[in-house]
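Per my numbering, the very first residue in the sequence shown carries number 1; after that it's consecutive. Beta carbons: idealized from backbone N, C-alpha and C, even for Gly.
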Amino acid sequence: MKYMCIARPGPLPPSPDQFDAALEWLQGQLDDGTLDCLYGFLEGGGVAIANADSHAQALEQMTEYPLYGMVTWEVTPVLAFGEGDEMIRAKLVEAQAAMGGAAA
Numbered sequence: 001m002k003y004m005c006i007a008r009p010g011p012l013p014p015s016p017d018q019f020d021a022a023l024e025w026l027q028g029q030l031d032d033g034t035l036d037c038l039y040g041f042l043e044g045g046g047v048a049i050a051n052a053d054s055h056a057q058a059l060e061q062m063t064e065y066p067l068y069g070m071v072t073w074e075v076t077p078v079l080a081f082g083e084g085d086e087m088i089r090a091k092l093v094e095a096q097a098a099m100g101g102a103a104a
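What follows is the structure, given as structure tokens:
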């Protein structure tokens, strides 16, 4: 499973040592494939696409981040482009038919 993980800095900045530990941890996650990609925001924080086998594993990975308690998290499971399209289209056809429209 893939997750979009957004971390935004908290009210207090990390120490330089905490910052270095976070950067080292993130590089390790990129190197071992746990993170597909990682981008930073101009104002601090960033966004990554992470890989995990379950929600519990995703949470465990997040809590290992050295700045875990110093950031605000937004985590959303994501699908690859095209994944689920047939299911969504079928539901749209059903909804259109229920509203009396012609199915395409």
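- Going by DSSP, G28 is part of the alpha helix (DSSP H) stretching over P16 to D31.
- Contact between Q61 and A52 holds, since their C-beta atoms are separated by about 6 Å, short of 8 Å.
- Counting only unbroken stretches of 3 or more residues, the beta strand (DSSP E) elements lying wholly within the region 29 to 98 are 35 to 40, 46 to 51 and 71 to 78, in sequence order.
- Residue pairing by DSSP places M4 opposite I49 and T76 in a beta bridge.
- Each residue's CA atom was taken as its position, placing E24 and M87 some 41 Å apart.
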